[in-house]
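Presented below is the structure to which this report refers.
Residue numbers (this note's numbering): 378 to 901.
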């Protein structure tokens, strides 16, 4: 068994998970990734293929087997200028490098690792400014490169410089994609960091090889046991069968309270009903003058024990009284493609290709519905024009998690400057219906500590069920857009998928209306 760089990176997150992947593939396959996750993998391949344009005359090594290894050795012996996907193998490890480029002056190869990530993480949805790449992600990249360097050195391949290649979030497409330095891609010199890191990574590599070579199933719990639910490994339920589907791992934002989670688990507390009511459930102030966060964990535990909802009627009334008719319930569907397709877009900028809008002119008026789905060309101008025809100059625009919608509105205002004032009016008038739940004005045991629209819908609008839909969530909609625009779905299949996409998006705004209606009746 050979440990690959992917295995190694996963091992550093959760060794047990990789052991199951390698030794119990049938069990691991039960936790199959979604079509959307598969599409992300394909997107990564597309980014790598595109980045190769920066390295002319490269020789490609196909496959991972014996022939590929022999071809790699031949290319290395000939000091081939550029090699793509060169394969190296030792008694313990296997690696395929994205790009090796011969450095004549150093009489060695430079290593380039291509990542589909951008030079910043997702936009800060609050103000639209890019966040810095997380230290955890940066270290993961560096461990990835250090693994490769160690294997190449074991194979007596001289390595000089080590580079990380990734998309430039600051790049804006204008005409053909630009491959000059610091345009679509940025190349970062990681030589110093990798040289410092490689010795410790080598020790970890040997530990990983030893652990993953064991025949006996590792004992539970795995390291993910001490993480929140969203950070659990792929095979968590197989490795940790004693953990119920709703456990202390599902306490609100418990991933940010690792010490508290560990204390609960070490005390043998797995279920919410066993969580003691004490000061650890209270939110902590980070600064003296900082307003205390809402007691979300405390409320979640108390509700679970009592099975009674928490209702702040006056606060709910105040929220609803802040709204002005007509009410516009708005939801977007978007496609965040890594490589910008249309002029004016940067890497990973969301393409707003669909919206659903329910309009309530006054409290007693019939509910109206408008929608648009665009799957050809840049939809920005047509989306905004259509919205402008249905959204007046007054009235509240209601969304669920408005930070997302308003970030899209800012981007649309940049893409369609003639509608700048309209879109910023939409931003100013947007109300986040999620606030009533997230601010703890109405909290129900059935929400299970979450403010997601699907958890809230299950309790407050049970007649509408997403489970009935063929497109059930945003990632399904993203994948549907990709399949149709890529030509993977055509004819009747494409038309049926469009119908499903429209049905899903309409559900989102219909659910928002039903939740608003529930709160309105409650406040009467």
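Backbone N, C-alpha and C fix where the C-beta goes; we use that ideal spot for every residue, glycine too.
Since the model is a prediction, treat every value here as computed from it, not as a measurement.
Cα-Cα, which of the options is closest to residue i?
i: residue 792; options: 765, 755, 768, 817; result: 755
i: residue 446; options: 435, 420, 474, 421; result: 474
i: residue 928; options: 871, 404, 897, 457; result: Any question about residue 928 goes unanswered here, given that the chain covers just 378 to 901.
i: residue 608; options: 632, 625, 586, 617; result: 632
i: residue 471; options: 379, 825, 810; result: 379
i: residue 547; options: 418, 492, 717; result: 717
i: residue 442; options: 844, 677, 394, 462; result: 462
i: residue 680; options: 859, 822, 389, 428; result: 822
i: residue 361; options: 627, 861, 381; result: What the structure shows of the chain is the stretch from 378 to 901, and residue 361 is not part of that stretch, so it cannot be assessed.
i: residue 626; options: 531, 740, 784, 674; result: 674
i: residue 691; options: 900, 550, 859; result: 900
i: residue 930; options: 658, 518, 715; result: Lying outside 378 to 901, the shown extent of the chain, residue 930 is not represented and no answer is given.
i: residue 597; options: 560, 580, 876, 642; result: 642
i: residue 420; options: 628, 388, 743, 495; result: 495
i: residue 914; options: 655, 459, 798, 469; result: With the chain represented from 378 up to 901, any question about residue 914 goes unanswered, as that position is not in the structure.
i: residue 676; options: 721, 628, 773; result: 628
i: residue 568; options: 617, 619, 487, 556; result: 487
i: residue 386; options: 517, 810, 661, 863; result: 517
i: residue 492; options: 401, 561, 615; result: 561
i: residue 551; options: 721, 869, 779; result: 721
i: residue 902; options: 417, 485, 489; result: Beyond the ends of the chain as shown, which are 378 and 901, falls residue 902; an answer cannot be given.
i: residue 735; options: 724, 741, 747; result: 747
i: residue 656; options: 678, 774, 703, 885; result: 678
i: residue 773; options: 644, 698, 650; result: 698
i: residue 812; options: 694, 512, 455, 416; result: 694
Can you tell me whether residue i is helix, strand or coil according to DSSP?
i: residue 858; result: helix
i: residue 355; result: Since the first residue of the chain shown is 378 and the last is 901, residue 355 is not available in this structure.
i: residue 493; result: strand
i: residue 892; result: helix
i: residue 502; result: A caution first: residue 502 carries a pLDDT of 41, below 50, which makes its placement in the model unreliable, though a value can still be read off. Residue state, collapsed to three classes: coil.
i: residue 507; result: With a pLDDT of 41 at residue 507, under the threshold of 50, the modelled position of that residue is not reliable, and no figure is offered here.
i: residue 917; result: Here the chain comprises residues numbered 378 to 901, so residue 917 is not present and cannot be evaluated.
i: residue 810; result: coil
i: residue 620; result: coil
i: residue 766; result: helix
i: residue 900; result: helix
i: residue 655; result: coil
i: residue 518; result: helix
i: residue 791; result: helix
i: residue 818; result: coil
i: residue 660; result: coil
i: residue 432; result: coil
i: residue 757; result: helix
i: residue 631; result: helix
i: residue 455; result: coil
i: residue 825; result: coil
i: residue 646; result: coil
i: residue 401; result: coil
i: residue 905; result: Outside the shown range of the chain (378 to 901) lies residue 905, about which nothing can therefore be said.
i: residue 882; result: helix
i: residue 612; result: coil
i: residue 392; result: helix
i: residue 752; result: coil
i: residue 418; result: helix
Can you name the residues that DSSP bridges to residue i?
i: residue 471; result: 381, 466
i: residue 437; result: 461
i: residue 487; result: 478
i: residue 776; result: 809
Shorter than 7 Å from the beta carbon of residue i to some beta carbon of chain B?
i: residue 869; result: Among the chains in the structure shown there is no chain B, since it carries only a single protein chain.
- request: Count the CB pairs spanning the segment 727 to 735 and the segment 699 to 713 that are closer than 8 Å, and state whether there are at least three.
  value: yes
task: Could you say if the segment 848 to 857 and the segment 807 to 821 meet the contact criterion of at least three C-beta pairs nearer than 8 Å?
output: no
- request: Taking only runs that begin and end inside the segment 524 to 549, name each unbroken beta strand (DSSP E) of 3 or more residues, in chain order.
  value: 536 to 544
message: Three Cβ pairs or more, each shorter than 8 Å: is that satisfied between the segment 591 to 608 and the segment 536 to 551?
response: no
message: Using 8 Å as the cut-off, can you tell me whether the segment 799 to 808 makes contact with the segment 833 to 848, which would need three or more C-beta pairs spanning the two stretches below that distance?
response: no
message: Threshold first: 4 residues or longer. Then list the alpha helix (DSSP H) segments lying entirely within the segment 540 to 606, N to C.
response: 568 to 589
message: As an exercise, report each continuous alpha helix (DSSP H) stretch of at least 4 residues that is fully enclosed by the segment 671 to 750, in chain order.
response: 673 to 683, 690 to 698
query: Taking three-plus beta-carbon pairs below 8 Å as touching, is the segment 524 to 531 in contact with the segment 562 to 580?
result: yes
query: Between the segment 669 to 686 and the segment 752 to 772, are three or more C-beta pairs nearer than 8 Å?
result: no
field: Cβ pair count under 8 Å reaching 3, the segment 600 to 607 against the segment 398 to 405
entry: no
message: What ranges does the alpha helix (DSSP H) occupy inside the segment 835 to 879, keeping only unbroken runs of at least 4 residues that lie completely in it?
response: 851 to 862
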